[in-house]
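With mature numbering (1 follows the signal peptide of the UniProt record, and there is no 0) as the guide, the letters of the sequence shown map in order to residues -23 to -1, 1 to 156. Virtual Cβ for every residue (Gly too), placed ideally from N, Cα, C. This structure is a prediction, so every number in the text was calculated from the model and none was measured.
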Amino acid sequence: MKRRTKIVVLGCALLLTAGAASAATASDDPPRQREAAALTGTAKLYRSAGDDITFSFDAHLAAKDNADPTEATGTFEFSHYLNGEGARAKAKVDCLLTGGKVAVVSGVITSSDLPGAEGKRVGVTVHDVGRHDRLGYSWASTGNPVETKELPKCVSSAPFEKVKKGTGDFTVVPWRPDF
């Protein structure tokens, strides 16, 4: 009995020592700050006519830039095809605002096969509601990004489009500005 007791006590002492050492090491690391805001993910929109419309986001606002959403970085892409015709575009993020599960991101188109689109600012709004996300875009009333005139940063439309079931998901990290 004595030998078993010694083994158990020794084992417990080793576990306690290892736990204390790892806790000390973990506390030496600086605390990791969460980013101030983010919009990520890919999904297709639902259209009864069968349009293939895809949006992808990789937009972030670093914690150090919490006071200025125009310091957001990243890209977003979108495409719209029907019967083999359409276009795609990629934009560099220039603003990201989020509130709760809603995000508005804007950016300037850096590449596109839509004539006249490069250099135009566009905005997109996402409502992250799990598997039933919604999306809106600044060119909703004009028909395409080329027709939009002088769009300011972080401007878009209400998220009126539905994400097609099973095609992806968007994730919004809510912004918490200091007021």
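{"Asked": "Could you say which of R65, V140, S115 lies nearest to T148 if we only look at CA atoms?", "Found": "V140"}
{"Asked": "I30: which of E62, A15, V99, R108 sits nearest, CA to CA?", "Found": "E62"}
{"Asked": "By Cβ distance below 8 Å, which residues in the same chain neighbour T125 in space, the five residues on each side in sequence not counted?", "Found": "K97, R98, V99, S115, W116, T119"}
{"Asked": "Can you tell me where the beta strand (DSSP E) holding G61 begins and where it ends?", "Found": "Note, G61: premise wrong, no beta strand (DSSP E); not H, not E."}
{"Asked": "Would you check if there are 3 or more beta carbon pairs closer than 8 Å linking the segment 11 to 27 to the segment 40 to 60?", "Found": "yes"}
{"Asked": "What span of residues does the beta strand (DSSP E) with H109 cover, start to end?", "Found": "From DSSP, H109 is part of no beta strand (DSSP E); its letter is neither H nor E."}
{"Asked": "Fully enclosed by the segment 89 to 149, which alpha helix (DSSP H) runs are 4 residues long or longer?", "Found": "none"}
{"Asked": "How many whole angstroms separate the CB atoms of V85 and D71, which I take to be in contact at a CB cut-off of 8 Å?", "Found": "6 Å"}
{"Asked": "Drop a sphere of 10 angstroms on the beta-carbon of D110, count the other beta-carbons inside from all chains shown, and report buried for 16 or more, exposed for fewer.", "Found": "buried"}
{"Asked": "Opposite K21 in the DSSP bridges: which residues?", "Found": "T31"}
{"Asked": "Measuring straight from C-alpha to C-alpha, what distance separates L112 and L38?", "Found": "20 Å"}
{"Asked": "I need the straight-line Cα distance from A94 to P122, nearest angstrom please.", "Found": "6 Å"}
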